[in-house]
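Step one of this worksheet: look at the structure below.
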Ligand SMILES: Cc1ncc(C[n+]2csc(CCOP(=O)(O)OP(=O)(O)O)c2C)c(N)n1
Ligand code: SF4
Ligand SMILES: [Mg+2]
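Chains as they are written, first to last, in our numbering: chain A, 5 to 355; chain B, 6 to 611.
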């Protein structure tokens, strides 16, 4: 495999965002994934979300584990630092990176094997630690990179390409994230760009542990009849609870939603999430109700998508640890080293 | 037996009986009299109930190692009575709780037996019942003060200092001390043959544990992120870091913290947090022991290849996980030196005592940043959890953190070329940038080895080999940066040498003196780091035979010498101690002397 840089050419008429960047400036190297892989659509949604949010690309750090999904950070935000780590351990690396510099935006990209199998422990603990991040699982129900074995999110009874039936019950990462204390929990589908782009934007503006489970069919190993993560299956069983709009910094509200259907959630930093409710009984601020609803619809054979839970006044790990405002990686000798006098006093206490 | 300022007292206690603080009180009072002491805890993996020993060595000459044997045993544990009585040197002393009479068969005739009815004394006092157990320990310290002629005013002062702010506890402790002391004075001719006499030999030295010293070194070295998972004997290190951070690292204006500590879910996560933080420009460390090192292997390899600075403290204990968690060993050298899969080699530092642990802890962060690689500080339980008499800790206020080759925004802006994995200076060390530095320059994606010098994805063979060769050059550079060995020449030229490292140092220096008195002359070299400095090979080449003294079964340092420096194995004679107790001078001297007898080279001096 070789690296294919994209030509640096930018169309003179290309639209730029508020900070002068074109959409192109948020792209990365050319993808080497299979043509039609759901993961590429998610990369495109991330590019679009960052462009629309006017983020300086270098202020985002991308971390991932190992898998086809975990390779994708090379294919978006080429001006950002990235870390392609070890299988299932992205959450701990991201936690450390976040502690070192609280001022960057952290994007964790993982797969269902990466997060629900080998990395389930780290997934769980970084959710309960409330690390300020966007954590996306590109969920195809299989291990793509190792050629199609079932992952832990594969549904019981799902059929593999070779005809083998999965006898084990699936792990629903959304249910887990809700239970573990994530403060923003959503599910989407790589084929639903209209839903996914605002979801990624909302997750980025959320200060806290934001989790998106994005169903992302694997065209090579999991897109056949009998698969419950195929494009057709997900389209047929998708039950969206809401449609979302993100307004950063209380800008003018322009979305044309009919009154009565719209619910506004003001987040910590003043950004507004506007949810057009599709399921009337659904309240995304009620964690217990969210868990119940999720289970009910699952029992009815539906895959619930949309913003399932958001805690507007979330606190993150830095709040809990009471760290200084200055990023820890910028503190110097003066701030860190107590010096010789303090050491003399320390010695005196040891005699 | 007659000795002034030169004897060993062993306390045999039951774990969880509160004896540790009384025993430390005893050691500190002697230090306050200016006499060098060192103290060792030998304890089980248990919170309550199993036997535990505390050994205090009083040594005017300043010997800090375990000597071996005991001159006075304070036998407070019926379970270990036989072995404790047997450990007393002929002519020595036994102090025991004589509340319940024991048959004569329980005693030795060549030992002076001193009975103090500690339980009964405590019963007669007005304390609450739950305090009896603890105060019984203070009472034997009182008795010892009379028997050994320890200045009781020092004990009084120490008790007042210890319970500062808890005045209610001072009176019963002082009373217990007095009771024990007065009983001994009334019933035994005091002092006995062993005596403490005021001295100036201890000078300004301090009594300090290595775990605390390492933690303080991390504070001084600028560590801001710590991630750990509890494991003996490293737990105290992480906990001390928290304590010192609360003391030294709270922003005075806002009360907020200039540090972040994560008690991770396991060691995999602990090292992951460290790698992530260090990649992002913070100084980060984890503290663990052998089992944790095993779990961290994959990440350590990633850090090596992605060239991420990370500091790892390995407070070594006996392996494996259900091994000897509360016993000391130096048996993780190989698992750290070659940690992870693929071709890896790592820098190890071997501090000899808590003072050097402090220094090496701070230094480790400079080395990690300079070399952009994991640095292991190889402590052991003996250094980590015991109080050692050390020169006072020192710090030069002119010293600044060496953050290594980090390209800043201004340099990138000025057009300085940047390629993450290119060797521009010929020392194998490339430049790095912190994430978020510059809008359009200096970003890269870190991964293992599938990369070219620009950090772009590549699986090209020659590119891979080029990178691996550069890593070897970097390892060569490390030899020049790590602490040099310390040498001690014998009184006269000799063909025999000895190489040792870490906590063996104290016992080794004493053994060299013992052997010298027997006419066996050894040049000694204390190795302080891996990779080995050039002088190590020269030292070996300059001697016919070099003993390698280690606290493990397989001679792991010897293997590293053979493997990395191409030393002829027949020249390196292993002397190995690995029963989990700290190595003693007597053991080393006996082992080395026996090899001379075999060869018949005693007293040749050459
Ligand atoms: C410790 C370890 N074990 C196994 C592997 C092999 N491996 C690479 S990717 C992968 C599964 C990835 O699955 P998933 O996270 O679902 O990603 P996908 O390829 O499906 O996007 C496995 C098992 C590895 N890289 N590391
Ligand atoms: S194997 Fe599956 S997951 Fe991997 S790139 Fe191909 S389609 Fe995507
Ligand atoms: Mg997968």
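No residue lacks a Cβ here, since even glycine has one placed at the ideal position from N, Cα and C.
Values in this document were obtained by computation on a predicted structure and should not be read as measured data.
For residue 116 of chain A, the shortest separation between its Cβ and any heavy atom of ligand 3 lies below 6 angstroms. Under the criterion of beta carbons closer than 8 angstroms, residue 534 of chain B and residue 517 of chain B do not qualify as touching, at roughly 21 angstroms. DSSP places residue 416 of chain B in no beta strand (DSSP E) but in the uninterrupted alpha helix (DSSP H) bounded by 414-418. Assigned with DSSP and collapsed to three states, residue 38 of chain B falls in coil, not helix or strand. Identification of residues in the stretch 147-170 of chain B having a C-beta nearer than 9 angstroms to some C-beta of chain A yields an empty set. The criterion of a C-beta distance shorter than 7 angstroms is not satisfied by residue 126 of chain B and residue 38 of chain B. A residue is called buried once 16 or more other Cβ atoms fall within 10 Å of its Cβ, and residue 64 of chain A is buried on that count. Runs of the beta strand (DSSP E) lying entirely within the stretch 203-282 of chain A and spanning at least 3 residues, in chain order: 213-219, 242-244, 246-251, 266-270 and 276-281. Secondary-structure assignment with DSSP links residue 102 of chain B through a beta bridge to B:121. Taking 7 angstroms as the CB threshold, residue 87 of chain A lines the interface with chain B. Per DSSP, the beta-bridge partners of residue 113 of chain A are A:68 and A:140.
Cβ neighbours of residue 371 of chain B within its own chain (closer than 6 angstroms, five residues either side excluded): 407. In chain order, 97 and 100 make up the part of chain A whose C-beta sits under 7 angstroms from the C-beta of residue 280 of chain B.
Proximity of the stretch 377-390 of chain B to the stretch 327-341 of chain B meets the contact definition, three or more beta-carbon pairs being nearer than 8 angstroms. Between residue 114 of chain A and residue 141 of chain A, the C-beta gap is smaller than 7 angstroms, which places the two residues in contact. Of all residues in the stretch 447-463 of chain B, those with a C-beta nearer than 7 angstroms to a C-beta of chain A are 448, 449, 450, 451, 452, 461, 462 and 463, reading in chain order. Among the CB atoms of chain A, none fall inside 7 angstroms of the CB of residue 319 of chain B.
Against chain B, the beta carbon of residue 84 of chain A has neighbours under 9 angstroms at 440, 441, 448 and 450, listed in chain order. If you look at residue 321 of chain B, you'll find it in the beta strand (DSSP E) that goes 315-323. Chain-ordered, the chain B residues with CB closer than 9 angstroms to the CB of residue 125 of chain A read 270, 271, 273 and 274. Every residue whose Cβ sits closer than 5 angstroms to any heavy atom of ligand 2 is listed here in chain order: A:37, A:38, A:41, A:72, A:148, A:222, A:223 and A:224. Exclusion of the five residues before and after residue 349 of chain B leaves 306, 309 and 343 as the residues of its chain whose Cβ lies within less than 7 angstroms of its Cβ.
What residue 343 of chain A touches in chain B, judged by beta-carbon distance under 8 angstroms, is 400 and 402, going in chain order. Nearest in C-alpha terms to residue 353 of chain B, of all of B:537, B:61 and B:428, is B:537.
At a cut-off of 6 angstroms, the beta-carbon of residue 238 of chain A does not count as near ligand 3: no heavy atom of the ligand is closer than that. Boundaries of the beta strand (DSSP E) harbouring residue 313 of chain A: 307-314, taken from the DSSP string. The beta carbon of residue 32 of chain A lies closer than 7 angstroms to those of 78, 79, 80, 81 and 82 in the same chain, with the five residues before and after it left out.
Counting only unbroken stretches of 3 or more residues, the beta strand (DSSP E) elements lying wholly within the stretch 500-551 of chain B are 501-505 and 528-531, in sequence order. In terms of beta-carbon proximity, residue 184 of chain A stays away from the interface with chain B, with every pair separated by 7 angstroms or more.
Taking 8 angstroms as the upper bound for CB-CB distance, residue 443 of chain B and residue 62 of chain A are in contact here, some 6 angstroms apart. For residue 295 of chain B, no beta strand (DSSP E) segment is defined; the enclosing uninterrupted segment is the alpha helix (DSSP H) at 295-311. Annotation: residue 17 of chain B is outside any alpha helix (DSSP H); the continuous beta strand (DSSP E) that includes it extends over 11-19.
Taking C-beta atoms under 8 angstroms as the contact rule, residue 67 of chain A and residue 87 of chain A qualify, at a distance of about 5 angstroms.
Contacts with chain B (Cβ-Cβ distance below 9 angstroms) from the stretch 323-342 of chain A involve 325, 326, 327, 328, 329, 330, 331, 332, 333, 334, 335, 336, 337, 339, 340, 341 and 342, listed in chain order. Taking all protein chains shown into account, residue 53 of chain B has fewer than 16 neighbouring C-beta atoms within 10 Å of its C-beta and is therefore exposed. Non-local C-beta neighbours of residue 138 of chain B in its own chain, meaning closer than 7 angstroms and more than five positions away in sequence, comprise 22 and 23, ordered along the chain.
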